[in-house]
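Note that the protein sequences, when read in sequence, are chains A and B. Residue numbers for the first sequence follow the working numbering, so the first one is 1 and each next one is one higher. Residue numbers for the second sequence follow the working numbering, so the first one is 74 and each next one is one higher.
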Amino acid sequence: MADQVASMPLLVLEGGAYVQFEAVDPVTGVNVAGVAAQDGTFTAIDLTDTGDTAGDVVVPKVSPSYFATEETV
Amino acid sequence: MASGDQLVIRAIPVGPLSGGYETSLAQSIAVTSAVATFNGASAAGDFIPALAFYDSSGTLLTRAVASTAITAGTSAEVSFYPFVQAASSGGGSAALEVTDGVHTVTAVTEIDFTSGATVSSGGAGIADVAISGGGGYTPGTQVGVYSAPFQSCAPTVAVNASFVHSSGAALLDLSNPILPTILTAGVYSVHVTFQADSVFTVGSGIFAPLAMNGPVPTNMYGAATANLSPTIGPLGEVSNTNYMRVGDALQTWVVNNDTGARFIEWPTIVVVLIAVP
Numbered sequence: 001m002a003d004q005v006a007s008m009p010l011l012v013l014e015g016g017a018y019v020q021f022e023a024v025d026p027v028t029g030v031n032v033a034g035v036a037a038q039d040g041t042f043t044a045i046d047l048t049d050t051g052d053t054a055g056d057v058v059v060p061k062v063s064p065s066y067f068a069t070e071e072t073v
Numbered sequence: 074m075a076s077g078d079q080l081v082i083r084a085i086p087v088g089p090l091s092g093g094y095e096t097s098l099a100q101s102i103a104v105t106s107a108v109a110t111f112n113g114a115s116a117a118g119d120f121i122p123a124l125a126f127y128d129s130s131g132t133l134l135t136r137a138v139a140s141t142a143i144t145a146g147t148s149a150e151v152s153f154y155p156f157v158q159a160a161s162s163g164g165g166s167a168a169l170e171v172t173d174g175v176h177t178v179t180a181v182t183e184i185d186f187t188s189g190a191t192v193s194s195g196g197a198g199i200a201d202v203a204i205s206g207g208g209g210y211t212p213g214t215q216v217g218v219y220s221a222p223f224q225s226c227a228p229t230v231a232v233n234a235s236f237v238h239s240s241g242a243a244l245l246d247l248s249n250p251i252l253p254t255i256l257t258a259g260v261y262s263v264h265v266t267f268q269a270d271s272v273f274t275v276g277s278g279i280f281a282p283l284a285m286n287g288p289v290p291t292n293m294y295g296a297a298t299a300n301l302s303p304t305i306g307p308l309g310e311v312s313n314t315n316y317m318r319v320g321d322a323l324q325t326w327v328v329n330n331d332t333g334a335r336f337i338e339w340p341t342i343v344v345v346l347i348a349v350p
């Protein structure tokens, strides 16, 4: 396995925006089928969470079957 | 959790690259890093790991891509950070590349230039150029060398003459190419290599004088040690230094002492004007 480091933009994502791993063809730029992203982890700065209200996001988890949802407290 | 605290979002488990994170409607986050292992065991082809950002309507905002493609069938762990760049695999500066407009050489240690190519430093430095001949060829440098006939060569050979001194004036009158005469008085040093145009038998004497305004010197090449033919050369060489007046002639020849014949071919003559009175 070869490790790589890549640059990413520092964007603010708001209501409903999302980020995901992809695999693109080196020539055409279209997605390549059959590639799986394993153990994906994001770190982010929460700009809105005050942490003192029930329902705040703590550690969202994402999976194919659990995509675009968050764990809540 | 206070505003601005760090979130760790685990996109698990594995998915066909649907692993990601979507913000809630009331949420704003700034993603500061992402990492995942891209498993290409079942990849349809080589691929470049990417991290894509979309707005709530699914419109692609930007896609950050890694610098190196992953070969289908293999995997790679890729970390995404803002404002970083993958290190160069070379670990150093790019290799020097040199071109003369025809040949381009990378990782240059030496280069063969085409005839007439000019080498310049391109700046305050000095071009460090070593000229060498190889494979039977010699550098195309000719300084005061005259391949002229004295006895039997074709007069047209004289077009290669380059007898001028520092003032630009010609040194020799080559209108009679078998008997060049001096145009500028001075002390001259003359060196001649030559080849005889007849066969010399073993033990025959070879007399090769060089006449320069005065008694014929006794420069001798000596006796032949083998049967010499015109295809062997140069056969010998003679040198002399003398004061030459305007109109004095240079003359040299090879004498086969056995036959008395005088024949010389393909002489190469170097004439150096040492001093002008």
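Beta carbons: idealized from backbone N, C-alpha and C, even for Gly.
- Assigned with DSSP and collapsed to three states, L247 of chain B falls in coil, not helix or strand.
- A107 of chain B places its beta carbon 8 angstroms or farther from that of A123 of chain B.
- In this structure, the alpha-carbon of A139 of chain B lies about 14 angstroms from that of N31 of chain A.
- Between F120 of chain B and D39 of chain A, the CB-CB gap reaches or exceeds 8 angstroms.
- Here DSSP, grouped into helix, strand and coil, assigns L256 of chain B to coil.
- Per DSSP, the beta bridge partners of T314 of chain B are B:S262.
- Listed as beta-bridge partners of V344 of chain B by DSSP are B:V263.
- Contact between F111 of chain B and S148 of chain B is confirmed by a C-beta separation of about 6 angstroms, below the 8 angstroms threshold.
- Around H264 of chain B, the same chain offers S312 and V343 as residues with beta carbons nearer than 6 angstroms, after the five sequence neighbours per side are excluded.
- Judged by beta-carbon spacing, F42 of chain A lies beyond the 8 angstroms limit of V12 of chain A, meaning their Cβ atoms are not closer than that value.
- Taking 8 angstroms as the cut-off between beta carbons, the residues of the stretch 20-41 of chain A near chain B are Q20, F21, E22, A23, V24, D25, P26, N31, V32, A33, G34, V35, A36, A37, Q38, D39, G40 and T41, in sequence order.
- Assigned with DSSP and collapsed to three states, S7 of chain A falls in strand.
- Partner residues in the beta bridge of P122 of chain B, as assigned by DSSP, are A:A23.
- Between G131 of chain B and the set A:A6, A:G16, A:V5 and A:Q4, the nearest pair of CA atoms involves A:G16.
- Annotation: F156 of chain B is outside any beta strand (DSSP E) and is labelled neither H nor E by DSSP.
- Here F126 of chain B has L134 and T135 as same chain residues with Cβ atoms under 7 angstroms from its own Cβ, once five neighbours each way along the sequence are excluded.
- For A142 of chain B, there is no enclosing beta strand (DSSP E), as DSSP marks it with neither H nor E.
- In the structure shown, V108 of chain B falls within a strand segment according to DSSP collapsed to helix, strand and coil.
- The continuous stretches of beta strand (DSSP E) do not include V35 of chain A, and DSSP gives it neither H nor E.
- A Cβ-Cβ distance of about 4 angstroms is found for the pair A117 of chain B and A33 of chain A, placing them in contact under the 8 angstroms criterion.
- Beta-bridge partners assigned by DSSP to S148 of chain B: B:N112.
- The beta carbon of E22 of chain A lies closer than 7 angstroms to those of N31 in the same chain, with the five residues before and after it left out.
- Taking 8 angstroms as the cut-off, the Cβ atoms of S262 of chain B and V345 of chain B count as close.
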